[in-house]
Amino acid sequence: MNLLLKSFYERISRRYELVNHVLTLGADILWRKRALRFLDGGAVILDLCTGTGDMARLIKKKLPGAKVIGADFSLPMLLKAKEKRGDGVNWAGSYAQYLPFSDNTFDAVTVTFAARNLKVNEQVLIECFKEIRRVLKPGGVFINLETSQPANRLLRWLFSMYIKVLIKPVGGVISGYSPAYQYLASTISRFYSAPELAEVMRHAGFKEVDYQPVWGGIAAIHQARK
-13 MNLLLKSFYE RISRRYELVN HVLTLGADIL WRKRALRFLD GGAVILDLCT
37 GTGDMARLIK KKLPGAKVIG ADFSLPMLLK AKEKRGDGVN WAGSYAQYLP
87 FSDNTFDAVT VTFAARNLKV NEQVLIECFK EIRRVLKPGG VFINLETSQP
137 ANRLLRWLFS MYIKVLIKPV GGVISGYSPA YQYLASTISR FYSAPELAEV
187 MRHAGFKEVD YQPVWGGIAA IHQARK
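The sequence shown maps to residues -13 to 212 in this note's numbering.
Okay, structure coming up:
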């Protein structure tokens, strides 16, 4: 599955940010900034599955004195991230299941719109979350922003139609590679509700797990402490 995802991201890295902004009408930027309200400082911060680095740069802007590391398993995505020079972010290649960092390294770890891709199955996602917990300092915070399943049935149906009607075809046209967005759209439909994801985090050993639904629950911001 990692090899499949890698091949997808190699093909869509050049227009990945643009597709995200178009498909959400720019809401993805607002959601990232909203998630950062739960980031209450820290000297060393990891943005895992950073992609082209949008969240890492926002963290650095909010906390200019912090050391911010953006890590991803896709070299083309990291190269795209590094094109924007002068942002002060450090970039690193890394798989989420095998983080190349020592125990108790980070004050905070953020993951944005990637947990659903880590969910090969529930156990793999738990293993990834355990790795995040391992590299967090005691009391460190894990912030996860991800699409979710609205509790309201009508909104859930409308969101499902949006995924089918817009994400697959529009993402394919803009990126120039439809299979990637066919896959990414399917991960949205299969992912957990906010309460279910909170329970997965608890299984990984996190405490003080809480979440905030976004836009009626089509996305959610989770916060958890080590």
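Cβ atoms here follow ideal geometry from the backbone N, Cα and C, with glycine treated the same way. Note that the structure is predicted; figures quoted are calculated from it, not measured.
Roughly how many angstroms lie between the CA atoms of Lys154 and Ser80, to the nearest whole one? 28 angstroms
What residues in its chain sit with their C-beta under 8 angstroms from that of Arg119, if we drop five residues either side in the sequence? Cβ neighbours of Arg119 beyond the five flanking positions: Phe128, Ala190, Gly191, Phe192 and Lys212.
Considering only the alpha carbon of each residue, which of Tyr2, Leu25, Glu(-4) and Tyr(-5) lies closest to Gln209? Leu25
Enclosing beta strand (DSSP E) for Thr133 [first to last residue]: Leu122 to Thr133
Cut-off 6 angstroms between Cβ atoms - residues of its own chain near Gly203, not counting five sequence neighbours on either side: Ser134, Pro136 and Ala137
Taking only the alpha-carbon atoms, compute the straight-line gap between Leu85 and Val186 and give it to the nearest angstrom. 19 angstroms
Segment limits, alpha helix (DSSP H) that includes Thr173: Ser164 to Arg176
Assigned exposure category for Arg43 - 16 Cβ within 10 Å defines buried: buried
Backbone CA spacing between Lys53 and Leu140 [nearest angstrom]: 43 angstroms
Just checking my contact of Tyr197 with Ala205 at CB under 8 angstroms: how many whole Å lie between their CB atoms? So it is not a contact: roughly 10 angstroms between Cβ atoms.
Looking at Asp33 and Val121, is the spacing between their C-beta atoms short of 9 angstroms? no
Which same chain residues, not among the five before or five after Arg18, have their C-beta less than 7 angstroms away from its C-beta? Asp40, Met41, Leu44, Thr98 and Leu131
Spatial neighbours of Met(-13) within its chain, please: C-beta separation below 8 angstroms, excluding the five flanking residues on both sides. Its pLDDT being 49, under 50, Met(-13) is placed unreliably by the model, and the measurement read from it follows with that caveat. Same-chain partners within the cutoff: Val106.
Excluding sequence positions up to five away, which residues of its chain have a Cβ less than 7 angstroms from the Cβ of Ile112? Val186, His189 and Ala190
Roughly how many whole angstroms lie between the Cα atoms of Gly28 and Tyr2? Tyr2 has its alpha-carbon roughly 29 angstroms from the corresponding atom of Gly28.
With a floor of 3 residues, list each beta strand (DSSP E) that falls wholly inside the segment 88 to 115, ordered by position along the chain. You should have 92 to 98.
Assign Lys46 to buried or exposed, taking buried as 16 or more other Cβ atoms, counted over all protein chains shown, within 10 Å of its Cβ. Under the 10 Å beta carbon count, Lys46 is surrounded by 16 or more other beta carbons and is classified as buried.
Consult DSSP for Gly202 and reduce its assignment to one of helix, strand or coil. helix
So Val30 is in the beta strand (DSSP E); what residue range does that whole segment cover? Val30 to Leu34
Are there 16 or more other CB atoms within 10 angstroms of the CB of Lys66, so buried, or fewer, so exposed? buried
Neighbourhood of Arg23 by C-beta distance below 6 angstroms, restricted to the same chain and skipping five residues each side: Cβ neighbours of Arg23 beyond the five flanking positions: none.
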